[in-house]
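As you go down the protein sequences, you meet chains W and Z in turn. Residues in the first sequence are numbered from 7 upward in steps of one, following this note's numbering. Residues in the second sequence are numbered from 7 upward in steps of one, following this note's numbering. Everything on this sheet refers to the single structure shown next.
There are 2 protein chains.
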Amino acid sequence: RYFHFCKLPGRVMGIRLLRFTSVVIIVLLLVAGALTALLPSIKDDKMPNLRREPKALSQPALDAFTLIMQTYNRTDLLLKLLNHYQAIPHLHKVIVVWNNVGEKIPEDTWNSLGPHPVPVVFKVQTVNRMRNRLQNFPELETKAVLMMDDDTLVSAHDLAFAFSVWQQFPEQIVGFVPRKHISTPSGVYTYGSFELQSPGSGKGDQYSMVLIGAAFFHSGYLEDFQKQPEAVYALIDETQNCDDIAMNFLVAKNTGKSSGVFVKPVDIRNLEKDTNSGYSGMWHRAEHLLQRSYCVNKLVNIYDGMPLKYSNIMISQFGFPNYANHKNKM
Amino acid sequence: RYFHFCKLPGRVMGIRLLRFTSVVIIVLLLVAGALTALLPSIKDDKMPNLRREPKALSQPALDAFTLIMQTYNRTDLLLKLLNHYQAIPHLHKVIVVWNNVGEKIPEDTWNSLGPHPVPVVFKVQTVNRMRNRLQNFPELETKAVLMMDDDTLVSAHDLAFAFSVWQQFPEQIVGFVPRKHISTPSGVYTYGSFELQSPGSGKGDQYSMVLIGAAFFHSGYLEDFQKQPEAVYALIDETQNCDDIAMNFLVAKNTGKSSGVFVKPVDIRNLEKDTNSGYSGMWHRAEHLLQRSYCVNKLVNIYDGMPLKYSNIMISQFGFPNYANHKNKM
């Protein structure tokens, strides 16, 4: 019996050892949890794709940007613009989103007139959709994306400066075309531009969006765009409009800041009238602005709130001579 | 003997328990260490005073700023300016650094012409020193400091806008007077302004400092300034100059960014000629600019490196009408 009794503690100690190690393991697990919880997570949570590096970035790709240009029914303008962009500093690659469904891409013409230092990739689309340009293209190797409409020409100098500004505000849309929303007394929002009075008191104006038809933004946002509610895609496809408004909502939600930073362009021009196709952009449609106000209100419902914030900041290049003979109008 | 033997495990278990708890305690200590180490420390380490709230901030003090103005031999201008600042929105308090050693402060005149909504505190100094204005004044209750020279007038609109910009760049000096340093081939630095060619390639100019004689900055930097090497104070006192250059070094070191953000003023004027004292500022001294280049090189030695970074960003208010009849020159 004594013998028996005296064996007991041995087992007890075995159990203690077991309990001891398990407790230590639990503590360590808690540690791991606490650590991950306490890491500077605000940014990570809100903009995973800005911190993650999905593709290994080659050195040039770090101080460079990719031009994404969607084109429809303006191949003559497209070729003019592609020529212009061959000479832009820091341009890593051009991705042309080819919305001319069933039409042959002008690759032969392009190659026959080479050599071209900046590679151009044509992405042939099967459906002519506004949001085709907002795909997370596998060819995209840079963190910086320059998105341009196929009827807009911006001077190389403006692009170089805006890129340097984007590098200082990589979470935001840094571009040349500001817009705003206004809340009416009824609570319904109106979309517009300079013609609308900004709510901010005092002199001056404000903006709450920067259009992506002439802007730099982080490629991570293209990844984020793939994760939006179906209703957002439906809205864009139904209207063939508002993809840029949706992007501003996405960025404002991610950052909690104003979605855009407006860089005052020295020379930006609309080339629409230069096309032989005679095709004029979607924004000439009578319902264009009505649609955009409609989209703002729809997006507020979808995202259950208005994330857009106003900004009154306009950035221009210090000491840059502003030629009087420049047409600054768009 | 059995009894004796059977007691043993008890003690053993006591020791185990002791060891167990001590191990847990050690693990927990390690956790604590790891946590503090892993907290987002870059900012905290570099700018403790921007994160710390040394004084409990009253609600108004959070959306307000304190004007610190040093005055010497220009009491007539001082009173003009104090009148102007009574009407500035968001101004919480005025701290006048009274460098007229032994002279009576104009408090009676000031009070006899009241009431004055914004309190004015006169800080009588015992020595006439340039760096008197860079004390961590106990009367300072706001995070934002507006520092102005006693011969400079900036429009209320410019101040209101610049304050809103500072709230978006609280780590930097947000002001109206940009300057730059240039590295000569010999490695010696030269201090200057627009007349010097900026090293950056391309058109436009750059700046690497924003003078604190007309700027907003975080009150935490006044605390930081008290912790600088003695050699910095000696340099400022020896030259009666360069306190603003030293502040730009301090901020650039703290942030790793450009020390300043330049806001283009719509109306800023120098009132120096309006004083009856006939006193003209230190910067008229023949050696003024030579001293400032000398200071830049000295500070590089003291801080063992050149922390100043260039910026080409100029901020102005979006949509603000720029009156042609405004004198924009300083």
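Glycine included, every Cβ here is placed at the ideal spot set by N, Cα and C.
With its beta carbon less than 8 angstroms from one in chain W, Tyr213/Z belongs to the interface. With a minimum length of 4 residues, the unbroken runs of alpha helix (DSSP H) contained wholly in the segment 230 to 290 of chain W fall at 236 to 245 and 249 to 261. A direct Cα-Cα distance of roughly 12 angstroms separates Tyr316/Z from Gly210/Z. The segment 98 to 115 of chain W makes contact with the segment 143 to 160 of chain W: 3 or more CB pairs, one atom from each, lie closer than 8 angstroms. Within the same chain, Cβ atoms closer than 7 angstroms to the Cβ of Asp69/Z are found at His96, the five residues on either side in sequence being excluded. Arg135/Z carries a coil assignment under DSSP once its states are collapsed to helix, strand and coil. In this structure, the straight-line span from the alpha carbon of Asn134/Z to that of Met312/Z is close to 29 angstroms. Val151/W places its beta carbon 8 angstroms or farther from that of Phe255/W. Residues of the segment 304 to 326 of chain Z with a Cβ closer than 9 angstroms to any Cβ of chain W, in chain order: Ser317, Asn318, Ile319, Met320, Ile321, Ser322, Gln323, Phe324, Gly325 and Phe326. Among the residues of the segment 163 to 187 of chain W, those with a Cβ less than 9 angstroms away from any Cβ of chain Z are His163, Ala166, Phe167, Ser170, Val171, Gln174 and Pro184, in the order of the chain. The C-beta of Phe268/Z comes closer than 8 angstroms to at least one C-beta of chain W. Within chain W, the residues Gly325 have their CB atoms less than 8 angstroms from the CB of Phe200/Z, given in chain order. Annotated three-state conformation of Val194/W is coil, per DSSP.
For the pair of segments examined, the segment 224 to 235 of chain W was found not to touch the segment 280 to 296 of chain W: the number of CB pairs separated by less than 8 angstroms stays below three.
Leu159/W is bridged by DSSP to Arg275/W. The three-state reading of DSSP puts His96/W in coil, since its state is none of H, G, I, E or B.
Sequence-ordered contacts of the segment 209 to 235 of chain W with chain Z read Lys209, Gly210, Asp211, Gln212 and Tyr213 [C-beta pairs closer than 8 angstroms].
The criterion of a C-beta distance shorter than 8 angstroms is satisfied by Asp157/W and Glu278/W. In the structure shown, the three-state DSSP call for Lys186/Z is strand. In the DSSP annotation of this structure, the continuous segment of the beta strand (DSSP E) that includes Ser322/W starts and ends at Ile319 to Gln323.
One Cα belongs to Lys129/W, the other to Thr115/W, and the distance between them is close to 16 angstroms.
The residue among Gly266/Z, Ser170/Z and Gln92/Z with its C-alpha nearest the C-alpha of Leu73/Z is Gln92/Z.
Taking a cut-off of 8 angstroms for Cβ pairs, the segment 214 to 227 of chain W and the segment 175 to 183 of chain W touch, as three or more such pairs fall below it. In the three-state reduction of the DSSP assignment, Thr81/Z falls in the helix class, which pools H, G and I.
Between Leu295/W and Tyr197/W, the beta carbon gap of about 7 angstroms places them in contact (Cβ cut-off 8 angstroms). Only residues of its own chain outside the window of five on either side were considered, and among them Asp211 have a CB closer than 7 angstroms to the CB of Phe200/Z, listed in chain order.
Where His224/Z is concerned, the enclosing beta strand (DSSP E) starts and stops at Ala220 to His224. Thr72/Z has Lys99/Z and Val151/Z as its beta-bridge partners, per DSSP.
Per DSSP, reduced to three states, the secondary structure at Tyr213/Z is strand. Per DSSP, the beta-bridge partners of Trp104/Z are Thr77/Z and Val130/Z. By the C-beta density criterion, His187/W is buried, having at least 16 other C-beta atoms within 10 angstroms. Beta-bridge partners of Gly181/W (DSSP): Ala221/W and Phe268/W.
Take the alpha-carbon of Leu87/Z and the one of Leu159/Z: they are about 7 angstroms apart.
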